[in-house]
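J.: Once you've had a glance at the structure underneath, I'll fire off some questions.
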Amino acid sequence: MVQQSTVEFAGVWSPEEVDRFLTETTVPIRLACRTPRDDLWMLSLWYEYEDGEFRCATGADADIVEFLQSTADVAFEVSTNEAPYRGVRGRGTASLGPDHDKTQLKTLLDRYLGGTDSTLAESLLAPDREEVKIRITPEKLYSWDFSQRMSEFDDA
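Reminder that position 143 of the sequence shown reads as 143 in the UniProt record's numbering, one-by-one numbering, no gaps.
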């Protein structure tokens, strides 16, 4: 659960509802950062949300690793891809660390693919592939939910 004293909340959901949405939703996080040349950059990553932080993984040679080493400030969004739209956006700080045993990657493979029994998982878990953990600590979280005004699109 997000520590309310360290994170600013705004929007339609309580901190508990934000926590539940981010824990249960399995769409990628859209992450925005700056390159070393101060250009804007955005990408999507698989994530898990635990203890008030987003945890991602990527290859050590990915551009985002260099970008986050240069500037740790990020913005992000986790939102549904189909109507009715709802989600959480915010800003925070990213930190990097090694994922030598690929524990974070395995957790993400379980979360998004249901396990490691696939060609994609095998290629990502290859012994010669170096993996990096990305931890995003939110400073502000803003939630929105268009379910009421888009109720005609709600299949649930």
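Built from N, CA and C at the ideal position, the CB exists for glycine as well.
1. Residue range of the alpha helix (DSSP H) that S70 falls in?
2. Using 8 Å as the cut-off, can you tell me whether the stretch 92-108 makes contact with the stretch 129-137, which would need three or more C-beta pairs spanning the two stretches below that distance?
3. If you draw a straight line from the alpha carbon of F9 to that of E66, how long is it in whole angstroms?
4. State the Cα-Cα distance for the pair R91 and L109, rounded to the nearest angstrom.
5. Assuming D73 is part of the beta strand (DSSP E), what are its boundary residues?
6. When you compare only the Cα positions, how much space is there between R37 and Q148?
7. What residue does the alpha helix (DSSP H) around D19 start on, and which one ends it?
8. If you run the structure through DSSP and keep just helix, strand and coil, what is R111?
9. Would you decide whether K140 is buried or exposed? Buried here means 16 or more other CB atoms lie within 10 Å of its CB.
10. Taking 8 Å as the cut-off, does the stretch 110-120 touch the stretch 64-81 (at least 3 CB pairs, one atom from each stretch)?
11. Buried or exposed for R111, please, with buried defined as at least 16 other CB atoms from any protein chain shown within 10 angstroms of its CB.
12. Starting from the C-beta of R89, find all residues in its chain whose C-beta is less than 6 Å away, skip the five residues before and the five after it, and write them out in chain order.
13. Relative to the alpha-carbon of G59, which residue among A32, G114 and Q104 has its alpha-carbon at the smallest distance?
14. Here's the rule: buried if 16 or more other CB atoms are within 10 angstroms of the residue's CB, otherwise exposed. What is F127?
15. Helix, strand or coil, according to DSSP, for T119 in the structure here?
16. By how many angstroms is the C-alpha of A62 removed from the C-alpha of W41?
T.: This is what the structure gives:
1. Walking along the sequence shown from the start, residue 70 turns up at place 70. D63 to S70 is the span of the alpha helix (DSSP H), which, as asked, contains S70.
2. yes
3. The residue you call residue 9 lines up with position 9 of the sequence shown. The residue you call residue 66 lines up with position 66 of the sequence shown. Distance between the alpha carbons of F9 and E66: 30 Å.
4. The sequence position of residue 91 within the sequence shown is 91, counting from 1. The sequence position of residue 109 within the sequence shown is 109, counting from 1. R91 and L109: Cα-Cα distance of roughly 25 Å.
5. Position 73 of the sequence shown, counted from the start, is the residue given in the question as residue 73. D73 -> beta strand (DSSP E) spans D73 to S79.
6. Taking the first residue of the sequence shown as position 1, residue 37 is located at position 37. Taking the first residue of the sequence shown as position 1, residue 148 is located at position 148. Rounded to whole angstroms, R37 to Q148 spans 42 Å at the Cα level.
7. The residue you call residue 19 lines up with position 19 of the sequence shown. Note, D19: alpha helix (DSSP H), P15 to E24.
8. Start at 1 with the first residue of the sequence shown, and residue 111 comes out as number 111. Helix at R111.
9. In the sequence shown, counting from the first residue as 1, residue 140 sits at position 140. The residue is exposed, with fewer than 16 neighbouring Cβ atoms inside 10 Å.
10. no
11. As a position in the sequence shown, residue 111 is number 111, starting the count at 1. R111 should be labelled exposed.
12. Reading the sequence shown from its first residue, position 89 is the one you call residue 89. Taken in chain order, the residues that qualify are E77 and Y142.
13. By 1-based counting over the sequence shown, the position of residue 59 is 59. That would be Q104, whose Cα lies nearest to the Cα of G59.
14. As a working note, residue 127 is residue 127 in the sequence shown. In the sequence on display, residue 127 carries Pro and not Phe. Per the 10 Å Cβ criterion, exposed.
15. In the sequence shown, the residue the question calls residue 119 occupies position 119. Three-state result, T119: helix.
16. Position 41 of the sequence shown, counted from the first residue, corresponds to residue 41. Position 62 of the sequence shown, counted from the first residue, corresponds to residue 62. Going by the C-alpha atoms only, they are around 13 Å apart.
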